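Peer 1: Sharing a structure, written as structure tokens. Questions coming.
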Amino acid sequence: MEGRKPYIYEALISFGFLIMVMGVGIAVYGADPHIPMLIGTAFSALMSLKIGFKWKAIEKSMFDGIRQALQAIVILAIIGVLIGVWLLSGVVPSMIYYGLQILTPKVFLVATVLICPITSLATGTAWGTAGTIGIALMGIAHGLGVPAPIAAGAIISGSYFGDKMSPLSDTTNLAPAMAGTDVFTHVKFMIKPTIVSYGITLGIFAMVGMQFNSANVDFSAIEAMRSGLESAFNISPILLIPPVVVIVSIAKKMPAIPGIFLGIVLGAILAPLMQGANLGDILNAGYGGYISETGVESIDSLLSSGGLKNMMYSISLTIIAMMFGGIMEKTGQLEVIVERLLRGVKTAQGLVALTIATCLGSNMTMPEQYISIVVPGRMYAKAYADKGLHPKTLSNALESSGTLTSPLVPWNTCGAFLYGVLGVPTALYAKWAVFNYITPLVVIALSFVGVTVAYLKDEKTSQGEDEAVESM
């Protein structure tokens, strides 16, 4: 590629302009991040022309950036199909139904942290969980005398645990795509640090919950949801088979795309057997999503989802963000910024901490969690490779900060959404969103004992040993 090496001020202007237009568009006008991101991309292209790059080279850099995210784009597309089919077949409703049975009056806060993950694991969305079951749980908390900020913190903690670990979540697919690994490797690597932070979260809420009197509580909202699910779907443990198969496929190292497609096939088989759906219903749910018409508003809001069409929001934003990342990377603007940031970073642990801090900074300055994964992911991918680190080290850091710190920022899209649905200001619930702020700290702490740091050479050695054992 032609063109000189950018000066640091030129790269900072490109980033600064993106931050400004994203901030104004999202925080001031409530716009979706797509067009502000596109405007920022156009500005970075203009800066590249100033640096000395020809348009053909700039165009190629955008296409190269998109190409790096093609696997994630394909996975997001088929996950949309999976969610639609699983909703139609009753898989997701069955998971939610059995999850609601966990709730007991004596352990409301702990039960909340247990119920919300089941729903967000099943649907892949913390927003959907908080905006439906979360609202019902807020009503129950009021009846229990549990302060609203504490209840909201428990709901958010549980919802984001499930979102973080669900192969159906768009951010869980986006993080490994930016880092250069696959979703199943990414999820497996997150298990240990996530269990630690989730255990701490459960312990804290168990202690806090002991002070509240849970007698004579009206659980009518939860009962209404359970009754609505029973009336609209044939609920059965058989419908838990598809998610179990997908989880087993993760453990057996099946590639992400065939693993998810297997889940679609199983859901499509169960849809006519369990819910009486026909082929047309399955095809329509796969493309346009499932439309719930139970008459229970909380259920219909949660279960009207899925479909290839509804994934286009995430897919289109990923494409535009990768155009920006491609320009910044290939024209050297990203490199000069990273060089300056990495001057004081000598260790893998320092790199993990810097990544987490950058994701938090991105959530505060470019208030959208997708951007806080994409931009730092492209910034540090080469630095991780230069240190011989496995890409899952980066993807874990991105997910643990980019996804989880977004609800802690009042002007971030996540913080604004949760305030709107739960009715609790971000400043009040933030200290109770324990899982969201403890996880980045746990990831940094565990990096010093090697739990959240993985080297490619160790991975290759381990794979070689596994292959040798299998051949014996």
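The sequence shown begins at 70 in my numbering and counts up one residue at a time. The beta-carbon is built from N, C-alpha and C at its ideal position, and this holds for glycine as well. As the structure is a prediction and not an experimental result, all values here were calculated from the model.
DSSP three-state label for residue 359, please.
Peer 2: strand
Peer 1: Please confirm whether residue 315 and residue 329 have their CB atoms less than 9 Å apart.
Peer 2: yes
Peer 1: CB residue 189 to CB residue 195, shorter than 9 Å?
Peer 2: yes
Peer 1: So, under 8 Å CB-CB, residue 345 and residue 358 are touching, yes? Tell me the CB distance rounded to an integer number of Å.
Peer 2: Not really, about 19 Å apart at Cβ, beyond 8 Å.
Peer 1: At the level of alpha carbons, what is the spacing between residue 311 and residue 419?
Peer 2: 40 Å
Peer 1: Can you give the Cα-Cα distance for residue 267 and residue 224, rounded to whole angstroms?
Peer 2: 13 Å
Peer 1: Quick one: what's residue 458 bridged to in DSSP?
Peer 2: For residue 458, the beta-bridge partners assigned by DSSP are 524.
Peer 1: Identify, in the order they occur along the chain, each residue of the same chain with its Cβ nearer than 7 Å to the Cβ of residue 252, setting aside the five sequence neighbours on each side.
Peer 2: 144, 236, 241, 242, 245, 325
Peer 1: For the region 453 to 518, list the alpha helix (DSSP H) runs that are entirely contained and at least 4 residues long, ordered along the chain.
Peer 2: 460 to 467, 482 to 491, 495 to 498, 503 to 516
Peer 1: If you count every other CB in all the chains shown that lies within 10 Å of the CB of residue 481, and 16 or more means buried, which is it?
Peer 2: buried
Peer 1: Mind pulling the alpha helix (DSSP H) runs of 4 or more residues that sit fully within the region 111 to 182?
Peer 2: 124 to 137, 139 to 158, 160 to 169
Peer 1: Which class does residue 441 belong to by DSSP, given the choice of helix, strand or coil?
Peer 2: helix
Peer 1: Looking at the structure shown, is residue 296 part of a helix, part of a strand, or coil, going by DSSP?
Peer 2: The answer is helix: DSSP assigns residue 296 an H, G or I state.
Peer 1: Out of 307, 299, 86, 490, point me to the one whose CA is closest to residue 365's CA.
Peer 2: 299
Peer 1: When the Cα atoms are used, what is the spatial distance from residue 508 to residue 473?
Peer 2: Taking the straight line joining both Cα atoms gives about 8 Å.
Peer 1: What did DSSP end up calling residue 374 once you bin it into helix, strand or coil?
Peer 2: Looking at residue 374 - three-state DSSP - the assignment turns out to be strand.
Peer 1: Measuring straight from C-alpha to C-alpha, what distance separates residue 496 and residue 233?
Peer 2: 22 Å
Peer 1: Select from 396, 514, 409, 515 the residue whose C-alpha is nearest the C-alpha of residue 110.
Peer 2: 396
Peer 1: Kindly indicate which three-state DSSP category residue 237 falls into: helix, strand or coil?
Peer 2: coil
Peer 1: Is residue 497 near the ligand NAP, going by C-beta to nearest heavy atom under 8 Å?
Peer 2: Ligands displayed in this structure: none; no statement on the ligand NAP is therefore possible.
Peer 1: What does the Cβ neighbour count give for residue 80, buried or exposed, with the cut at 16 atoms within 10 Å?
Peer 2: buried
Peer 1: Within the continuous alpha helix (DSSP H) that includes residue 396, where are the two ends?
Peer 2: 381 to 399
Peer 1: Under the assumption that residue 440 contacts residue 91 (Cβ atoms under 8 Å), give the Cβ distance between them as a whole number of angstroms.
Peer 2: 7 Å
Peer 1: Have a look at 462, 443, 448, 76 and flag the residue whose alpha-carbon is nearest the alpha-carbon of residue 102.
Peer 2: 443
Peer 1: By DSSP, does residue 98 sit in helix, in strand, or in coil?
Peer 2: coil
Peer 1: Please go through the same chain and pick out, in chain order, the residues whose beta-carbon is closer than 7 Å to the beta-carbon of residue 73, but skip the five residues on each side of it.
Peer 2: Residues of the same chain with a CB within less than 7 Å of the CB of residue 73, apart from the 5 flanking positions on each side, are 120, 121 in chain order.
Peer 1: Alpha carbons only, please: which of 426, 500, 294 is nearest the one belonging to residue 167?
Peer 2: 294
Peer 1: Assuming contact is defined by CB atoms lying nearer than 9 Å, are residue 392 and residue 131 in contact in what I supplied?
Peer 2: yes
Peer 1: I'd like the span of the alpha helix (DSSP H) that includes residue 268, first residue to last.
Peer 2: For residue 268, the enclosing alpha helix (DSSP H) stretches over residues 252 to 278.
Peer 1: Distance check for residue 198 and residue 100, CA to CA, integer angstroms please.
Peer 2: 23 Å
Peer 1: Would you say residue 379 and residue 149 are within 9 Å of each other, going by their C-beta atoms?
Peer 2: yes
Peer 1: Return the CA-CA distance between residue 355 and residue 227, expressed in angstroms with no decimal places.
Peer 2: For residue 355 and residue 227, the distance between alpha carbons rounds to 28 Å.
Peer 1: I'd like to check one pair, residue 281 with residue 462: are the Cβ atoms closer than 9 Å?
Peer 2: no
Peer 1: Buried or exposed: residue 517, going by 16 or more other Cβ atoms within 10 Å of its Cβ?
Peer 2: The residue in question, residue 517, is exposed, as its Cβ has fewer than 16 Cβ neighbours within 10 Å.
Peer 1: Hey, residue 458 and residue 390: beta-carbon distance below 9 Å or not?
Peer 2: no
Peer 1: Tell me where the alpha helix (DSSP H) around residue 198 begins and ends.
Peer 2: 195 to 199
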